[in-house]
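Working notes, beginning with the structure itself.
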Amino acid sequence: MSQTVRGVISRKKGEPVELVDIIIPDPGPGEVVVDVHTCGVCHTDLTYRDGGINDEYPFLLGHEAAGRVESIGPGVTNVAVGDFVVLNWRAVCGQCRACKRGRPQYCFDTFNATQKMTLTDGTELTPALGIGAFADKTLVHQGQCTKVDERADPAVAGLLGCGVMAGLGAAVNTGNVGRDDTVAVIGCGGVGDAAIAGAALVGARRIIAVDRDPRKLAWARELGATHTVNAAELDAVETIQDLTDGFGADVVIDAVGRPETWKQAFYARDLAGTVVLVGVPTPEMTLQMPLVDFFSRGGALKSSWYGDCLPERDFPTLIELYLQGRLPLDKFVTERIGITDIEDAFHKMHNGEVLRSVVVLK
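Okay, so the sequence shown: first residue is 105 according to our numbering, each after it adds one.
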């Protein structure tokens with residue numbers, strides 16, 4: 105039997121979000137109903153609200169979530185009722201060309217629930233990133249549930265569902281940062297600081313954090329940065345080169361996603377170094393540079409999508425490292441809020457006042 109629960113929706117472009125009743129259907133084949141415990145407030149949710157993803161309103165927002173499996177549909181084998189899970193938006197299909205080549209982290213046809221959650225009048229909802237977890241419960245595909253150690257704080261664990269995994273994976277998976285590397289991270293919000301934490305985790309020798317906000321640079325220090333550069337006062341490229349004996353960093357991660365920051369990343373790297381773009385540009389942004397600079401510097405220019413993660417591989421491992429005290433995921437939780445506080449959390453995020461606000465539902 106379907107259930108009526110609370111959910112936070114965006115009904116029209118740019119308008120404040122609303123807390124309304126929504127209908128959750130019984131899970132069908134391959135589907136799971138998850139009792140949501142926590143959900144982080146991610147910039148992607150704000151982008152949905154403001155029409156930056158598509159215009160398929162109304163949206164059921166929220167996607168950085170952890171909770172317990174309440175019920176399962178026919179054929180579900182990944183999880184069982186009662187499992188503590190982190191939700192993800194990369195439920196690999198196993199059949200696309202990436203999966204068949206042994207690269208499921210690049211899956212081109214990830215699964216979502218087949219049935220739709222709706223408003224009480226029957227209007228179909230578009231769940232953010234196929235999840236929609238600013239709600240007491242949500243309906244997802246079984247592949248979107250990754251079982252992790254239930255000792256983890258749900259407010260912490262859920263952040264792996266998007267921003268923290270994106271940044272950490274940009275360093276570890278995409279950038280292939282290793283022991284003794286020098287790393288620079290441009291932009292020290294949640295994603296950038298996660299990249300810093302990832303670089304520290306794998307033993308990078310020098311981690312340089314770049315931002316224009318002293319508060320964000322202080323957060324970066326707490327998460328593993330060995331040096332900080334205030335780009336409002338210093339030239340970022342020159343300072344990174346000065347800190348690396350004039351050579352530049354082995355890996356530079358652009359967690360902002362603007363032409364000017366990408367150029368800084370490009371010129372701040374060592375010869376044959378790597379640039380990783382994990383900040384998300386907007387469609388109108390363009391880049392103009394001398395082609396000879398690409399040829400003469402060598403190296404690799406990469407984009408990182410969801411940190412090139414494979415949830416079933418990465419989530420349990422990262423949670424275990426957190427429980428061992430080796431990965432300070434708890435430092436990303438700036439505040440815990442209620443389900444009615446999301447619009448205010450958007451303002452705090454936009455103003456750079458938080459790394460993550462986390463909605464606590466249970």
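All residues carry an ideal CB built from backbone N, CA and C; glycine is no exception.
How is the alpha helix (DSSP H) around residue i delimited, first residue to last?
i: Val268; result: Gly267 to Gly273
i: Ile446; result: Ile446 to His454
i: Arg319; result: Pro318 to Glu326
i: Glu424; result: Pro415 to Leu427
i: Cys203; result: Arg201 to Lys204
i: Asp149; result: His147 to Arg153
Is residue i near residue j, with beta carbons less than 8 Å apart?
i: Ile443; j: Arg110; result: yes
i: Ala303; j: Gly328; result: yes
i: Glu168; j: Cys146; result: yes
i: Leu272; j: Ala298; result: yes
i: Gly411; j: Met269; result: yes
i: Val314; j: Ala335; result: yes
i: Gly166; j: Val112; result: yes
i: Val306; j: Val355; result: no
i: Gly282; j: Ile357; result: no
i: Ala217; j: His245; result: yes
i: Gly352; j: Arg325; result: no
i: Val295; j: Cys249; result: no
i: Ala404; j: Thr378; result: yes
i: Thr222; j: Asp125; result: no
Indicate the three-state DSSP secondary structure (helix, strand or coil) for residue i in the structure shown.
i: Val382; result: coil
i: Glu160; result: coil
i: Asn277; result: helix
i: Leu391; result: coil
i: Val138; result: strand
i: Thr224; result: coil
i: Leu191; result: strand
i: Gln219; result: coil
i: Ser400; result: helix
i: Lys367; result: helix
i: Thr108; result: strand
i: Pro208; result: helix
If we ignore side chains and look at the alpha-carbon of each, how far apart do residue i and residue j end up?
i: Gly240; j: Pro131; result: Reading the sequence as shown, one finds Asp at residue 240 and not Gly. Each residue's alpha carbon lies about 16 Å from the other.
i: Lys367; j: Val136; result: 44 Å
i: Pro208; j: Ser407; result: 16 Å
i: Arg460; j: Gly144; result: 6 Å
i: Val333; j: Pro318; result: 9 Å
i: Val360; j: His454; result: 13 Å
i: Leu391; j: Val341; result: 18 Å
i: Ala232; j: Phe398; result: 37 Å
i: Arg417; j: Lys251; result: 11 Å
i: Ala259; j: Val384; result: 24 Å
i: Ser400; j: Asn158; result: 39 Å
i: Asp187; j: Val180; result: 13 Å
i: Gly198; j: Gly134; result: 14 Å
i: Asp448; j: Val382; result: 26 Å
Between which two residues does the beta strand (DSSP E) holding residue i run?
i: Arg172; result: Glu168 to Ile176
i: Leu123; result: Glu122 to Ile128
i: Lys406; result: Ala404 to Ser407
i: Ala298; result: Run containing Ala298: none in the beta strand (DSSP E); it sits in the alpha helix (DSSP H), Gly294 to Leu305.
Assuming residue i and residue j are in contact, meaning their beta carbons sit under 8 Å apart, how far apart are those beta carbons, in whole angstroms?
i: Asn192; j: Pro415; result: 4 Å
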